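Start counting the sequence shown at 1296; every next residue gets the next number (the working numbering).
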Amino acid sequence: MTNLFTDVRYDERVVRLAVGVEPLDGLGGGRLTGPLRVLVEDAPAPLHNWRNWRPGETLDGFLGRLDRHRSGRFGRVYGPGFRAGEITLRLVEPSARAVVPRRIGVQIADEAAVLTAEMAGTSVPLFTRVFPVGLFPGAAAALPSRATVVRGRVVTAVAGGGTMPVRWVRVRAVDADGNDVGWAHGDDRGEFVLFVTGATEAVVPADDPLAVSFTVYATVPPPAPDPADPLRAVVDPLWDLPVEPLPALAGAASDDRYAGRVPLPGQDPFGPFPFDLPLGRETSIQLHIP
1296 MTNLFTDVRY DERVVRLAVG VEPLDGLGGG RLTGPLRVLV EDAPAPLHNW
1346 RNWRPGETLD GFLGRLDRHR SGRFGRVYGP GFRAGEITLR LVEPSARAVV
1396 PRRIGVQIAD EAAVLTAEMA GTSVPLFTRV FPVGLFPGAA AALPSRATVV
1446 RGRVVTAVAG GGTMPVRWVR VRAVDADGND VGWAHGDDRG EFVLFVTGAT
1496 EAVVPADDPL AVSFTVYATV PPPAPDPADP LRAVVDPLWD LPVEPLPALA
1546 GAASDDRYAG RVPLPGQDPF GPFPFDLPLG RETSIQLHIP
């Protein structure tokens, strides 16, 4: 094969990015640091036919992963054993609850298509292979002082009395005029941390206390484990977290699906739940949904 960029006197080796992920702060938009991992869901099913599982082991410890660059981005280049097509990635933090995990479904272009486009003098734009993904704070996130923060938990009633947490909720907050003032992602315990921000349309300081209404997006009733793969609910901490399909970016701009400011697939809205929040303080609430 002829060289693409150098004279034929030289040996040329071109490394092409197949897929990249840039974890972003779901609040401020800056790049996240810390012990994040981007894992590839490449485990065969059912899990009990794949390997023997010891007590305490989880699926996250055995999945392939994207390589992390010193810039904080994650990626994988084309090479032997790489599979193009639809793949599912999970963004997780291995040891803390500083961020809430996400599972995303992306389409990876075939390397042959990329090569063909390059030989024709065109290209598969790099931004269509890079996915900026917003992650929201979890229950153990470090919180800035003097921020208006809601620490919440979403529960639902169970037969015979009592309540149980609702996993993987998303929560939207709006002010009295219906303007967005915050989003949050709930974790596997039904807990969420929501930072209240001023509406972009606001021209005067907000009232104190601030009248806010919450809408909870949840899957009720929750999904049941697959009888054909019963071990998944035991060893996979994200077994019931819905996968979010993310299309390739149509340009440099992102949208709310990347930022995580939309409900998860299959979720229904519950609410609104009105509250008066004191500014510059933390408020703890519990939201009950049917």
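Each residue gets a CB set at the ideal place from its N, CA and C atoms; glycine is no exception. Remember, predicted model here, so these are calculated numbers, not experimental data.
What's the C-alpha gap between residue i and residue j?
| i | j | result |
| --- | --- | --- |
| Gly1566 | Val1511 | 6 Å |
| Asp1521 | Gly1324 | 36 Å |
| Arg1446 | Val1387 | 21 Å |
| Arg1308 | Ala1407 | 16 Å |
| Val1333 | Leu1559 | 19 Å |
| Asp1337 | Leu1361 | 12 Å |
| Pro1432 | Ala1471 | 25 Å |
| Glu1496 | Pro1564 | Since pLDDT at Glu1496 reaches only 47, below the 50 mark, its modelled position is unreliable, and the value read off the structure follows with that caveat. Glu1496 and Pro1564: Cα-Cα distance of roughly 25 Å. |
| His1364 | Leu1533 | 25 Å |
| Thr1328 | Gly1367 | 6 Å |
| Val1476 | Val1335 | 33 Å |
| Asp1320 | Ala1391 | 16 Å |
| Ile1580 | Asp1405 | 48 Å |
| Pro1518 | Asp1535 | 7 Å |
| Asn1347 | Arg1304 | 53 Å |
| Gly1412 | Thr1297 | Looking at the sequence shown, residue 1412 is not Gly but Ala. Distance between the alpha carbons of Ala1412 and Thr1297: 15 Å. |
| Pro1504 | Arg1576 | 10 Å |
| Pro1537 | Leu1574 | 34 Å |
| Arg1467 | Asn1474 | 10 Å |
Let's see if you can read the secondary structure: which residues bound the alpha helix (DSSP H) around residue i?
| i | result |
| --- | --- |
| Asp1571 | Per DSSP, Asp1571 belongs to no alpha helix (DSSP H); it is in the beta strand (DSSP E), Asp1563 to Leu1572. |
| Val1425 | Taken as a continuous stretch (DSSP letters only), Val1425 belongs to no alpha helix (DSSP H), being part of the beta strand (DSSP E) at Val1425 to Leu1430. |
| Arg1527 | Arg1527 to Val1530 |
What would DSSP say about residue i, mapped onto helix, strand or coil?
| i | result |
| --- | --- |
| Leu1410 | helix |
| Gly1512 | Contrary to the premise, residue 1512 reads as Tyr rather than Gly in this sequence. Three-state result, Tyr1512: strand. |
| Arg1308 | coil |
| Gly1356 | helix |
| Asp1551 | helix |
| Leu1533 | coil |
| Leu1342 | helix |
| Pro1540 | strand |
| Ala1452 | strand |
| Ala1506 | strand |
Report whether the distance from the Cβ of residue i to the nearest heavy atom of the ligand COA is below 8 Å.
| i | result |
| --- | --- |
| Pro1532 | The model on display carries no ligand, and the ligand COA is accordingly not part of it. |
Identify every residue that forms a DSSP beta bridge with residue i.
| i | result |
| --- | --- |
| Asp1362 | Gly1370 |
| Ser1579 | Arg1446 |
| Val1394 | Pro1432 |
| Arg1349 | For Arg1349, which the question treats as bridged, DSSP gives no partner whatsoever. |
| Leu1319 | Arg1326 and Gly1429 |
| Val1314 | Arg1371 |
At which residues does the beta strand (DSSP E) containing residue i begin and terminate?
| i | result |
| --- | --- |
| Asp1470 | Arg1465 to Asp1470 |
| Glu1486 | Glu1486 to Phe1490 |
| Leu1384 | Gly1380 to Val1387 |
| Pro1288 | Missing from the structure shown is residue 1288; the chain here goes from 1296 to 1585 and no further. |
| Val1401 | Arg1397 to Ile1403 |
| Trp1478 | Asp1475 to His1480 |
| Leu1334 | Arg1332 to Val1335 |
So, do the segment 1370-1387 and the segment 1307-1314 have three or more beta carbon pairs nearer to each other than 8 Å? yes
Report yes or no: do three or more beta-carbon pairs, one from the segment 1347-1354 and one from the segment 1450-1467, lie closer than 8 Å? no
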